Amino acid sequence: MALNLNQKKEVVAELAEVAASAHSLVAAEYVGLTVEQLTSMRKKARAEGVYLKVAKNTLVSRAVENTDYAIVQDELTGPLLYAFSKEDPGAAGRLIKEFAKANDKLKPRLVAIGGQKYPGTHVDVLASLPTRDEALSMLLSVMVQPATMLVRVLAEPATQVARATSAVGQQKAA
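In structure tokens form, the structure reads like this:
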């Protein structure tokens, strides 16, 4: 169904707003997917904080014009599905990778993150990024390690005294 000028402006404004705040973008070819498959993908995307949109490439190109994703404008050809990660940088990559495993018709075409453009094969790298909770737990473990080591070092002399006392007591008892 063709869009009139006002509808096109609304789509561009919506995409521009999403692109301005998104952490990453994955564009994938979706030709051959059924409506049920796309619907289940959209449902999963909503749950994971991913904005999923099928739109004309010219509208997407205009929407990303003044954002970090302007670098992908020259590669927007053919029917593409756009997945913007709104909360977690790796969420769009995980979503596309998961659905590409089950559906060989879904092919990642390009990945953009941090103002850099990568080929679709980098969706695996994007998908392997830790979630926010995983990253926080890694940071916490790195921060706790020096304190743990300090406690062990400070407790060692008292432990050695206890061991020596115990050994002397066992020798006298024998």
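Numbering (this note's numbering), first residue to last: 360 to 533. C-beta atoms are modelled at their ideal positions from N, C-alpha and C, and glycine is treated no differently. These numbers were taken from a predicted model, which means no experiment stands behind them.
CA-CA distance, K466 to E457, rounds to 11 Å. In the DSSP annotation of this structure, the continuous segment of the beta strand (DSSP E) that includes E388 starts and ends at S383 to E388. For L465, no alpha helix (DSSP H) segment is defined, and its DSSP state is neither H nor E. S444 is a Cβ neighbour of A381, given a cutoff of 9 Å. The beta-carbon distance between K464 and L392, rounded to whole angstroms, is 5 Å. This is short enough to meet the 8 Å contact definition.
Look at the beta carbons and you see the region 417 to 426 touching the region 364 to 384: at least three pairs across the two are nearer than 8 Å.
With contact defined as three or more Cβ pairs closer than 8 Å, the region 480 to 497 and the region 406 to 415 are not in contact. Each residue's CA atom was taken as its position, placing R468 and A387 some 5 Å apart. Shown here, L374 sits in a helix according to DSSP, grouped into three states. Where P478 is concerned, the enclosing beta strand (DSSP E) starts and stops at Q475 to P478. Residue pairing of I472 in beta bridges, as defined by DSSP: S383 and Q475.
V484 is the residue among R522, V484 and A378 whose C-alpha sits nearest the C-alpha of R453. Assignment of alpha helix (DSSP H) within the region 481 to 509, counting only whole runs of 4 or more residues, yields 482 to 486 in chain order.
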